[in-house]
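Novice: Residue numbers (this note's numbering): 420 to 556.
Glycine is no exception: its CB is placed at the ideal position from the N, C-alpha and C atoms.
First the structure, which I've put down as structure tokens, then a few questions once you've had a look.
Set out below in structure tokens:
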């Protein structure tokens, strides 16, 4: 079985660590009193988590593609809340609220855009740093 190139393995490690951190912080936010800042942070982390999952599966994608896919998924889930589908899923499986949310909030869309911008910047900088390391080896 061929081994993954060193940079791909590092990207996957970066993504896995980011996923664990996003999940930990996101679950921690659930313990705090709800306010606009907590909701925004949750939205930003949601996009980051989706993007890092994309990066884990497809580590060679450019940063803009990772951010665009993550934003697209988050917006699609938010718009799905305008239907009764997520509410039905959450009624059957209460922890699914962490994935599907509870109700549509247009401010979540703003948080998702901010999250996608931050995700793009972090992935782009991390990718640049990895390329610089490989060029010097």
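(1) CA-CA distance, residue 439 and residue 502?
(2) What does the alpha-carbon distance come out to for the pair residue 505 and residue 518?
(3) Pairing CB atoms from the segment 539–548 with CB atoms from the segment 472–489, are three or more of them under 8 Å?
(4) Alpha carbon to alpha carbon, how far is residue 478 from residue 499? Give it in angstroms, no decimals.
(5) Scan the segment 498–540 and note each continuous alpha helix (DSSP H) run of 4 residues or more that stays entirely inside, going in chain order.
(6) Closer than 8 Å by C-beta to residue 494: which residues in its own chain qualify, once you throw out the five before and the five after it? Chain order, please.
(7) Go to residue 467, then tell me how far its alpha helix (DSSP H) extends in each direction, as first and last residue.
(8) Please go through the same chain and pick out, in chain order, the residues whose beta-carbon is closer than 6 Å to the beta-carbon of residue 427, but skip the five residues on each side of it.
(9) Going straight from the alpha carbon of residue 435 to that of residue 468, what length do you get?
(10) Can you grab the Cα-Cα spacing for the pair residue 462 / residue 521, in whole Å?
(11) Report the residue from 452, 454 and 471 whose alpha carbon sits nearest the alpha carbon of residue 442.
(12) With burial defined as no fewer than 16 other Cβ atoms inside 10 Å of the residue's Cβ, what is the status of residue 437: buried or exposed?
Specialist: Reading from the atomic positions:
(1) The count along the chain shown starts at 1 and reaches residue 439 at position 20. The count along the chain shown starts at 1 and reaches residue 502 at position 83. Using only the alpha carbons, I get a separation of about 31 Å.
(2) As a working note, residue 505 is residue 86 in the chain shown. As a working note, residue 518 is residue 99 in the chain shown. Straight-line Cα distance between these residues: approximately 9 Å.
(3) yes
(4) Here residue 499 corresponds to residue number 80 of the chain shown, with the count starting at 1. Here residue 478 corresponds to residue number 59 of the chain shown, with the count starting at 1. When rounded, the distance between both Cα atoms is 28 Å.
(5) 504–511 and 516–519
(6) Here residue 494 refers to the residue found at position 75 of the chain shown. Answer for residue 494: 528 and 531, listed in chain order.
(7) Mapped onto the chain shown, residue 467 falls at position 48. 455–476 is the span of the alpha helix (DSSP H), which, as asked, contains residue 467.
(8) Mapped onto the chain shown, residue 427 falls at position 8. Only 478 meet the Cβ criterion.
(9) Counting from one through the chain shown, the residue named residue 435 turns up at place 16. Counting from one through the chain shown, the residue named residue 468 turns up at place 49. Roughly 10 Å between the two C-alpha positions.
(10) As a working note, residue 462 is residue 43 in the chain shown. As a working note, residue 521 is residue 102 in the chain shown. Approximately 13 Å between the Cα atoms of the pair.
(11) As a first step, residue 442 is located in the chain shown; it is residue number 23 there, counting from the start. Of 452, 454 and 471, the residue nearest in Cα terms is 471.
(12) If you number the chain shown from 1, residue 437 lands on position 18. Buried: at least 16 other Cβ atoms inside 10 Å.
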